[in-house]
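Protein chains in written order, with our numbering: chain A, 287 to 604; chain B, 1179 to 1850; chain C, 127 to 619; chain D, 19 to 178; chain E, 94 to 313.
Accompanying notes for the structure given below.
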Amino acid sequence: MNALGVIGGVLQFVLVVAGSPFLVGVMRQVRARLEGRAGAGIGQPWRDLRKLLRKESITPRGTSEVFRIAPLVLVATTVVVAIVAPFVTTASAVDSVADLFAVVALLALGTVALALAGLDTGTAFGGMGASREMTIIALVEPTLLVSIFALSVRVGSTNLGAIVTSTLQDPARVISPVSLLAAVALVVVIIAETGRLPVDNPSTHLELTMVHEAMILEYAGRDLGLVEWASAMRLTAFLGLLANLFVPWGIATAATPVALLAGVAAFVIKVVLLGVLLSAGEVFLAKLRLFRVPELLAGSFLLSLLAVTASFFLAQPH
Amino acid sequence: MNLVHAGLGAAVAVGVLSALLALITPRRLRLVPVGVGTVLVGAFGVLAGAVAVAGQAYSVEIPALLPLFGVSFAVDALSGLFLVVTGGVAIAVAVYGIGYARHGLDGRGVQAVLPLFVLAMLLVPAAASVGTFLVCWELMALTSLVLVLAEHQQRDTVAVAGRWYAVMTHLGMVAILIGLLVLVAHSADDSFPALRAAATNLSPVVANVVFVLTLVGFTSKAGILPLHAWLPRAHPEAPSHVSALMSAAMVNLGIYGIARVGFDLLGGGPRWWWLLVLVLGALSAVYGILQAAMSSDLKRLLGNSTTENMGLVLVGVGAAGLFASAGDDVLAGVALSAALLHVINHAAFKTLLFLSAGSVLHATGSRDLDALGGLRAGMPVTTWGFGLGALAASALPPGTAFVSEWLLLQALIHGLPASGAATAIVMPVAVAAVALTAGLAVATFVKAFGVGFLARPRSSAAANATESPVSMLAGMGLAAVACVTLALVPSVVLPAVGSASTMTLGTAQPAVSGQVTLQLNGVAGALSPLLLTVALLVVSVVLVGAVRLIAARRARRTARLWDCGAGPLSPRMEYTATSFAEPLQRVFDDVVQPEQDIDVTHHQESSYLVQAVEYRQRVPDRLERRLYEPVLRLITAWGSVARRLATGSVHRYLGYGFYTVCGLLILLVVIR
Amino acid sequence: MTHLLLLAPVVVPALGAVIYALAGWRRATAWVSAASAALVLATAIATSAAVVNDDPHTVLAGLLRVDALSAFMLVVIGAIAFLATAATPDHLRTEIIAGRASSRTAARHCLLVQLFLAAMALAVLAANLGMLWVAVEATTIVTAFLVGQRRTRPAVEAAWKYVVICSAGIALALLGTFLLNYASQHTAPGAGLNWAELAASAHTLDPGVTRIAVVLLIVGFGTKAGLAPLHAWLPDAHSQAPAPVSALMSGVLLSVAFYAILRVKVIADAALGTGFARTLLVVIALASLALSASLLLAQRDYKRMLAYSSIEHMGLLALGAAVGGRLAIAAVLLHILGHGLAKSVLFLGSGHILQITGTSRIDQVRGLAARQPVLAGCFGLGVLALIGLPPFSLFASELGIARAGFTAGLGWAMAAALVLVLVIAAALVTHTSRMVLGAAPDGPGAATASPRMNVIAGAALVVGLLACAAIGVTTGPLHPLLSLAADLLAGTP
Amino acid sequence: MLSLWRKIRRTGRVAEPAPSQPSEELSVAAELGGSVQIRHVDAGSCNGCEVEIGSAFGPVYDAERYGARLVASPRHADALLVTGPVTRNMAEPLRRTYEALPEPKFVVAVGDCARNCGVFAEAYGVTGAVRDVVPVDVEIAGCPPRPEEIVEGLRKLTGR
Amino acid sequence: MSHDLYVQLLDLACGVLLLTAVLVLWRRELAVIIRVFALQGLALAALVAVLAAHEGSIELGAVAVGILVLRAGVLPALLRRALAAAGEERRETRPLVNVASSLLAAAVLTLLGYAVSQPLVALAPSPATQAVAVGMTVVLIGFFVLVTRRRALSQLVGFLLMDNGITAVGFLTTSGVGLVVELGVSLDVLLAVLVLQILTTRMRATFGDTDLDELRELHD
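See below:
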C-alpha cells in the first residue's frame, strides 16, 4: 500500500462514484440526439438519483434480509472494485485485492446478490429475471476469465496493475492478435454484464424481455437508487477496465500532481469515449431474442479461447 | 511419545468401542454415546493428522492382523492432511448425527457402522502396504454401503442406489487391486517403501498399466467421469449426514490414491498420465456442474457438485504432474497446493451444504426444490448455513472455493514456461473448463439457495417447516465456522498444504505462504481474501452511513407484493428450480439432451376438445445413456444367452465332460 | 491316544449314525448330530495341535494318516458340520410341522448326515489315493438320498443327475488313480498310492503315464469339487437338498474333493514340472468362473445362485492351486475355511427363507429385511462376505491368491478372473438386494411366519459369520497349522 | 447500418423547441427535483389518450427532456398517469397500484374520461372518475388531450 | 500256461470285452443289453482269471471270482429287476445319437483309446499292457453311452461299462491296488448301482417315464 495507490484509490472512488451517473447521462444524451430527440441532459441521472434517495423504501411482504441487503452488496462490491482497479494510477490501494479474478468475482458477487433478491420476492418476474441473469452470467464468466487469462499469460500475473504496467512498457502488444481477440471478447462480455443492447434493453418496459429490470421490479426509493447507482458504477468500472487493459496510456505511474491530473483526465476521456461509442452503437442494434444471446456469448467465448491459444503459441520459443 | 500413534490408536479403540456400544445399548441411550464416540474418533484423527503434518513421522507393523499379509501403517504429511480433513468432517457430522438420527436412523446397525465408517476412512490414508490399503479401502466401501442402505425401507430408490454403489465401488476396487498387484509383482513385498524402491526401475509399460488401472479405480471413488454414475444416486439416497461424510471425506480418498500412487509410489511418470488426469478432471468439472445446474433434487444437485469439485481438484493434480514432469517444481507446488486446498475447502463447504440439506429434508420431508421455498422464515439457521455453503461453493469471494480456484488458475496461468504443444492446447481448455464451471456453479447455487430457501413456500410442508434440533445446528455450526475460517484466513491450513505438497512432490519449499495475504513463492501472484472481505465490510459500513446521511429519513414501509394490481400471487406463479434452469438447459440442449413427454387427453365427446395436457421433462445423464446402457444391455444379453448352458438335460451336462475329456486326451496324444 | 484321536472323526459320526438307526428321531436324539459334529471339531483341534507340535501320524497299518493339511481339513469339516448340524433340529422340526417330512425322514436325514460326515473325515484322513477315492464316492452314495429327500419331481431329478454325473466323473478319477498306481508301481514298487511315498518318489514317475493320470484325476475330482466341465450336478443338487445338507455339501464336500486335487497337484508338479497342472487348472478355473458368471447374471433362484457362487469359489481355489507357492496355498486353505463358513451360513439362511416364503424364486422374495432383520442381515452380510469384502476372511484369501498369481506371472489369468469375479459380485449383489431390501410386502402370505427366528438357528448364522470375520481379522492359533500345510503343499519347508 | 447512419444525419433533430416553462409548479413536486418516473395505468380508456401519451414521449414532443420517464413498475414510479374512466374491474387494481407507489407520490389524470368519465359517465361498468378512487394531483383535460397538453401537465411535476 | 496261450486267452477276453461294449451301443432291446453286459462281466472275470493264472496268484484268482459274482451275477440281476419294474419301456427307441453314428463314434473312440494307451504301453511293454487300449476304449464307450442314451437303465449300463473298462485297465496295468481299496471300490460301485436303481424306481413313480432327456424341471 503506497502513496500512489492510496491517492489513486481516493481519486478513483470520487471519480467513479460521482462521475458514473454523468457517464450514463452522456450515453443517454448521445442516444437521444441520434434518435432526433433533445434529451434530458447529462445531469438527469443525478437528478433521478437524488430524488430516489429521498423517497421511501418499500419492503414487499414475504421478503427477507436478502432483499434489503442486496443493493448494499451490489454497491459495496462495485465501490471496492472502483477503489482497487487501476483506473487513474497503476498502483492499487489494496494491491492484494487488485487481482483480475478477484475483481471479476466481486462484480459477479454483486450480480448474484441482485439475482437472489429477485428470487426472494417470489414473483414470477423476479424469478424470471434472476434465471436469465444467471444464465447470462454463467456464460459470461468463462469468457471473462479466459480473456483475462489471455492477457495475464504473457505478463505472468493476474494483478491488474502488473498487466497495465507491462502494456505500458511494451506498447506493441496492443496490436497483437491476442489483444485484439481478447478485446472483442471483452466488449461482448461487458455489454452482457452491464445489460446493454443487444443482450438486454436498459430502457425496456416490457416484462417479457427484461433481464436486469425484472429482478429489480420490487425495489423502490432508496434501494432502487442504490441499485441504479451501482449499475452506473459497474458500467464505468467495466469501461475503465476495458480502456486501461488495452489502452493504458495516460495512467499515472507516479504520485506527482501532474501525473495524477493527467491520469484523471485520461480516464475520463477514455471512459466517456467508450461510453459514447457504446451508446451510439446501441442505436443501430435491436435486442436479440433471449435464446440467441448464448450464441453471441459462445462466439465471444470462442474468441477469448482463441486469444489464449494464440498467447500460448505466440509465446512459444520456436 | 508419538502422538500420531496415540491418536490413531485412540481413534481405533474409540471407534470399535462405540460400535460395540451401539450394538448393546438400548435405542434410547444409543445416540449420544455413539455421537460422542464418533466425534472422538474424528478428533483423534485430526490430532494424528495434524501431528503428522507438523513433521512427526510414524509407522507401525502388526503382522498378526489380516491373515497372510499383516497390516502396516505409516503416516506422513500427505496422509496427515487427509486424516485432518476426514477427522474434521467426522466431528461436524457426528455432532449433527445425534439429532438427525433420532428420526428412524437410530437402528443398531446404522449406529454401529457410523463410527466404523469414519475409522475406515481414517485408516485408508494411513495404510502403508497394499494389503492394508486394500483392506481399509474395502472396509470403507462396506461400511458406507451399509450406511447408504440405511433408509431402504422408506424408498425403493435406495436399493437401486445401493446396487449401483456396490457394483461401481467393486469395479473400482478390482481396478485398483489389479493395478497395485501388478506393481507388487515387480517388487520385493507389498509395503509402500518396497514399491517405491521397485518403481525406480520399472518398465514404462508396467508403470503405465499400474497408473491407468489405479486411476480408473480411484476416479471411480472420486466420482470422476465416466465412472461417476453411482454418485448422483447414492448421495441423495443416503441419510444426509452420511452423504456429507461420503461427499466431503470419502471421495477425497480417491484423490489421495491418485496422488499417493502417481507421485509417491510411481514417482511422477510421463506427461501423458497427467494430461489424462487433467482432461478427466476438466470434463468432470464441467459435466458435473452442468448436471447439477439441471437438477431440481437438492441432494442430487449437491452430489453432482461433488463430481464437479473433484474434477477441479483433479485439474490441479493433473497440472501439478504436468509441471513436475516438465521439471517446474514451483508451479507443480502451486498446482498441487491448489488441489489440496480445494480438497479441504470442498470438505468444509460440502459438509455444511449436505448437513443443511439434511436439515431441510428432516423438516419438510422433501428434497425437491420445486416443492420447497420460503424456508428462511421457519429455519433461519439452516438458511444461513446453506447460504454460507452456497457462497463458498459458487467460488465467489468471500467464499472458500474462491481462494482455491484462484490458486488453481494462478498455477495454470503461469504454465507458459513449461509449455509444449500439448500444454499450449490443454492449458487454455483447462482454464476455460474451470471458468465455465465457475460460472455454472454460480447459477446452480443461486438456484439452490434462492429457490429453496428464499421466495415463498411452494408446499405446505415447506411453509410449516421448523428449525432443526440443537445438535444438528451445532454440527452445521462447526462446519460453518470451518468455512468462514478457510474463506477469510486460508493461511491457517497453508502450512499443512505446503508440507503435504512438498513431501509429495519432493520439492524444497512450500509454494504458497503468507499470513494475511497469500503469496506465491517463485512466481508472481498474491491475494488477500481477508483484506478483500474487510474492504467489502468497510465500504458497506461507510455506505450505510453515507446513505443515512444524504438520504431523506423516510421510514421503510412494508407493502404487499406488486401483483400487477390483480389478485394475490399464488406459489404456483413462482419460478421453480426447473423453470430457473430452463434457459441454461436450452443453451446446453445438445449436451444434456432433455427428454420431453407431452400427453394430451381429449374429451370423450370430441377429439377436438382437450381435457388435460400433461407435460413431463427429465434431464437424463447422457453419459449414462451412451456408456452404461449398452454395457448393461450387453450383460443382460449375455445372461439370457448363457442360460442355454444349463438347459436341464443330463445328457448335455455329461456331454460337457465327455467332450472335454476326449479333447484333453486328444490334446495329450497330439502334444506328447 | 493318537489312534483314538485319528479314528474319532470317522468313528464318532458312525456311532451317531447307529444311534439314529436304532433310536430314530425324537427329542433326545435331535442334538446327537450336533454333539457328534462338536466332537469331530474338538478332535480336529486336538489333532491340529498334535500335528503342529509333532510329525504326521499314521494308524491302521498305514491306511489313515494325518498331516497338517488333513488336520486343517478336519477343522473345516468339524466347524462347518457343527454349524450345519446345530441348525438341523430347527430345520427338521419346521419341515415336520409343515408336513413336508416325517419323523422317519428326519431320522434318516440325521443318519445319512452322520455317515456323510464319517465319509468326509475318512477322505481327508486317508493315507492313500485309493482310499480317498472310495471315501469320496461314498459321499456321493450317502448324499444321494439326502438330495432326493423330498421325493418331489425336481428332487428326484436332482438326485439322479447328482449320482450319474458325479459317478461318471469320479470314475474318471478312478481310472486316473489306476494309471498313477501303474506309474508308481513301475518306478518305485511298494509306494503304491500312499501320499507320502508318492510325493517322495514323484520325480521318478513316468511323465507319459502320469500326464494322463493327472488329467483324469483333476477332471474326475474336479467333478465332485464342482469345477467345470462336470459341474452341472451342483446347482441342481444344492437347490433341492435340505438347507443343512446344502450347507454341508457346499461348505465341505466340495472342499474335500478339492483337497484331493491339491494332493494330486503336489505329485503332478514333482513329476511333470509346475507348468502342466498349472495350465490345466487355470483353464478349468477360468472356465468355472466364466460359467458361474454367465449363469448368475440372469439367475432366478436364490439357492441356485448360491450354488453357482460355490462354483465360482471352487474356480478361485483352482486358480490358487494353479499358482502354487506358499502364499497361494495358504490363501487357498484359508479360502476353503472362509468360503465354507460363509456359504453354510448362506445356505442355512436360504433354508429359512424358503421355509418362510415357500418359494426359492428371487423375484418372489421381497423386503426380507423388514420382516426378518436378523435373517436378512446375515444373508446380506454373507453375500458381501462371498464377494470378498473385509473383515470376512475371503477378502484376505482372495487377495492372497491374486497377489501370488500376479507375482507368479499369471497376471492375465488373474486379471481375467478378477473381472469375472466382478461380474459375479455384481450379479450377487443385484439379486440379493432385490430380496433383502425394500419395504415389507403386504400381500398374502406376508404375515404367516413369525418375525422372530429360533434362537439357536439364528445363533448358528451369527456365529458362522462372526467366525468368518474373525479369521479374516486374524488367523491366530490357526496360523501355524496353515503355514505348515502350505509348506507341505508348496514343497518348500 | 450505413443507411441508418445516413438517415440519422439527414433527419437531424426532430424535437420541437421547448415551449416556455408552465407558470404554475406544484409545490409538493419540488421534492422530485426535476425527475419524474411515471407509471401509466389504463383504467378503462378508449386508447385515444394512450396514442397521445405515446406521442408525448416520442421524439417530436420529447417529454423526457423535462425529466419525465415511463417506467415498468409502480415501485419505480413517482406518479401515476391514469387514463379513461375507472371501470369496475379496474378500480381495485388502480387502488393497489397507487398503494404500490413509494412516497412521495402523485396522480395525473389524463383526458376527460379520467377527470369526469366523459361520454362514459353513468355507464353501467364505470365506477367513477379517477379522483373518486385515488387522490389526483394534476388533471389534463381534452378528449383526447393534445400531446403538448400532456407534456405541459407533466412539466408541472418535473418543474422544468 | 504257455506264453502264447496266455496271450491268446488275454486277447480273446479283451476282444469279448470290446465286442460287448460295441454291442451295447448297437442293440436297442434293454433286455439284450443287460445280457450283453453280463457277458462282459464274464469276459472281465475271465481276463482277471487269465492274469491270475499267468502270475500264479491265488489272491488274484479270488478277485476274479469276486468279479464274476459281482459283474456277471449281482449287477445284471439288479438291472433285470429294474427292467422288470419298467413295464413298457423296454427299448432304447430314440437314442440322442442314432445307432449308425454311434458305431462310427465307437470306432473313433477305439482309435483314441489306442492312441492314449501308447505311453502306457511304452512304459512297460507286455501283452497285458498292450491290451490296455481295450480297457480305455470300453471306458470311453461307456461314457459315450452315458451321454447319448435316453433310458435310465441304459445310462446305468453305460456307467457300469465305464467301470468295467476301468477295472480292466487296472488289472491289465498292475495286478490291483490293494485289497482294501479293491473292496471299497467294488462296494461303492454296487451301492451306486443300488442307489441308481432305487432312483429309477422313484423316477418312474414321480415322472411315469424314464426318458432322461425329459428331466428338465431344473434349469436356469
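Think of the CB as a built atom: it goes at the ideal place given N, C-alpha and C, for glycine as much as any other residue.
Computed from a prediction, not measured in an experiment: that's the story for all the values here.
Going along chain C in order, which residues have a C-beta closer than 7 angstroms to the C-beta of glutamate 1316 (chain B)?
Going along chain C in sequence order, the residues near glutamate 1316 (chain B) (Cβ under 7 angstroms) are Leu515, Pro516 and Phe521.
Is there a Cβ of chain E sitting closer than 8 angstroms to that of isoleucine 488 (chain C), yes or no?
Isoleucine 488 (chain C) does not count as touching chain E.
So what's isoleucine 259 (chain E) in DSSP terms, helix, strand or just coil?
In this structure, isoleucine 259 (chain E) counts as helix in the three-state DSSP scheme.
Cut-off 7 angstroms between Cβ atoms - residues of its own chain near leucine 1708 (chain B), not counting five sequence neighbours on either side:
Leu1666, Val1667 and Val1694, listed in sequence order.
Using CA atoms only, rank isn't needed, just tell me which of E:Arg164, E:Thr113 and E:Arg187 is closest to alanine 138 (chain E).
Out of E:Arg164, E:Thr113 and E:Arg187, E:Arg164 has the C-alpha closest to the C-alpha of alanine 138 (chain E).
Which residues in the same chain have their Cβ closer than 6 angstroms to the Cβ of methionine 229 (chain E), if we skip the five residues on either side of it in sequence?
Cβ contact annotation for methionine 229 (chain E) (same chain, cutoff 6 angstroms, sequence separation greater than five): Gly206, Val209 and Ser210, in chain order.
Inter-residue Cα distance where the pair is glycine 1653 (chain B) and alanine 1416 (chain B):
Spanning the two alpha carbons is a distance of roughly 18 angstroms.
Starting from tyrosine 1793 (chain B), trace the alpha helix (DSSP H) in both directions and tell me its first and last residue.
Note, tyrosine 1793 (chain B): premise wrong, no alpha helix (DSSP H); beta strand (DSSP E) at 1788 to 1796.
Mind pulling the chain C residues with CB within less than 9 angstroms of phenylalanine 236 (chain E)?
Chain-ordered, the chain C residues with CB closer than 9 angstroms to the CB of phenylalanine 236 (chain E) read Ala294, Ala297 and Leu298.
Terminal residues of the alpha helix (DSSP H) in which tyrosine 1236 (chain B) lies:
Per DSSP, tyrosine 1236 (chain B) belongs to no alpha helix (DSSP H); it is in the beta strand (DSSP E), 1236 to 1240.
Under 8 angstroms between C-beta atoms of glycine 52 (chain D) and threonine 176 (chain D):
Yes, they are a contact pair.
For glycine 1835 (chain B) and valine 599 (chain C), what's the separation of their Cα atoms in angstroms?
Roughly 39 angstroms separates the two Cα atoms.
Threonine 375 (chain A) bridges to which residues according to DSSP?
According to DSSP, threonine 375 (chain A) bridges with A:Ala538.
Can you tell which of A:Val513, A:Val398, A:Ala388 and A:Ala500 has the C-alpha that lies nearest to the C-alpha of glutamate 1583 (chain B)?
Per the Cα distances, A:Ala388.
Using a Cβ-Cβ cut-off of 6 angstroms (strictly less than) and excluding sequence neighbours within five positions of leucine 172 (chain D), which residues of its own chain qualify?
Closer than 6 angstroms at Cβ, skipping near neighbours: Ala81 and Ala86.
List, from N- to C-terminal side, the alpha helix (DSSP H) runs of 4 residues or more that fit wholly inside the segment 470 to 553 of chain C.
Taking only runs of at least 4 residues, the alpha helix (DSSP H) segments lying wholly in the segment 470 to 553 of chain C are 494 to 497, 499 to 512 and 519 to 533.
Cβ of asparagine 288 (chain A) less than 8 angstroms from any chain B Cβ?
Among the residues facing chain B, asparagine 288 (chain A) is not included, as its CB has no counterpart in that chain under 8 angstroms away.
Need the endpoints of the beta strand (DSSP E) that serine 1250 (chain B) sits in, please.
Its beta strand (DSSP E) spans residues 1249 to 1253.
Which of the three DSSP states is assigned to threonine 211 (chain C) in this structure?
Looking at threonine 211 (chain C) - three-state DSSP - the assignment turns out to be helix.
is_contact[valine 250 (chain E), chain B] using C-beta, thresh 8 angstroms:
Chain B, which has no Cβ nearer than 8 angstroms to the Cβ of valine 250 (chain E), makes this no.
Does DSSP classify aspartate 181 (chain C) as helix, strand or coil?
In the three-state DSSP reduction, aspartate 181 (chain C) falls in the coil class, being neither helix nor strand.
Can you give the beta carbon distance from isoleucine 437 (chain C) to serine 418 (chain C), rounded, assuming they're within the 8 angstroms contact cut?
Contact between isoleucine 437 (chain C) and serine 418 (chain C) is confirmed by a C-beta separation of about 4 angstroms, below the 8 angstroms threshold.
Length at least 3, wholly inside the segment 168 to 213 of chain E: the beta strand (DSSP E) runs in chain order
The qualifying runs do not exist here; there are none.
Note down the Cα distance separating proline 570 (chain C) from glutamine 490 (chain C), rounded to an integer number of angstroms.
Note that proline 570 (chain C) scores a pLDDT of 49, beneath 50, so its modelled location is shaky; the value from the coordinates is reported in the next line. It is roughly 12 angstroms from the alpha-carbon of proline 570 (chain C) to the alpha-carbon of glutamine 490 (chain C).
Three-way DSSP call (helix, strand, coil) for leucine 249 (chain E) in this model
DSSP places leucine 249 (chain E) in helix when its eight states are reduced to three.
Going by C-alpha distance, which of B:Leu1198, B:Leu1710 and B:Glu1760 is nearest valine 390 (chain A)?
If we check each option's Cα against that of valine 390 (chain A), B:Leu1710 comes out closest.
Pull up the distance between the alpha-carbon of leucine 1283 (chain B) and that of glycine 493 (chain C), whole angstroms please.
Distance between the alpha carbons of leucine 1283 (chain B) and glycine 493 (chain C) is about 18 angstroms.
Exposed or buried, which one is glutamine 1789 (chain B) when buried takes at least 16 other CB atoms within 10 Å?
Exposed, because fewer than 16 other Cβ atoms sit within 10 Å of the Cβ of glutamine 1789 (chain B).
Can you tell which of D:Val89, D:Lys25, D:Glu170 and D:Gly76 has its C-alpha closest to the C-alpha of valine 59 (chain D)?
Residue D:Val89 is the option with its Cα nearest to valine 59 (chain D).
Outcome for glutamate 185 (chain E) when other beta-carbon atoms lying within 10 angstroms are tallied against a minimum of 16
Burial of glutamate 185 (chain E) is indicated by the presence of at least 16 other C-beta atoms within 10 angstroms of its C-beta.
Just to confirm the assignment: which complete alpha helix (DSSP H) runs, minimum length 4, are found wholly within the segment 1471 to 1550 of chain B?
Entirely contained in the segment 1471 to 1550 of chain B, the alpha helix (DSSP H) runs reaching 4 residues are, in chain order, 1476 to 1503 and 1507 to 1542.
Please go through the same chain and pick out, in chain order, the residues whose beta-carbon is closer than 6 angstroms to the beta-carbon of phenylalanine 347 (chain C), but skip the five residues on each side of it.
Taken in chain order, the residues that qualify are Ala299, Ala383, Ala386 and Ile387.
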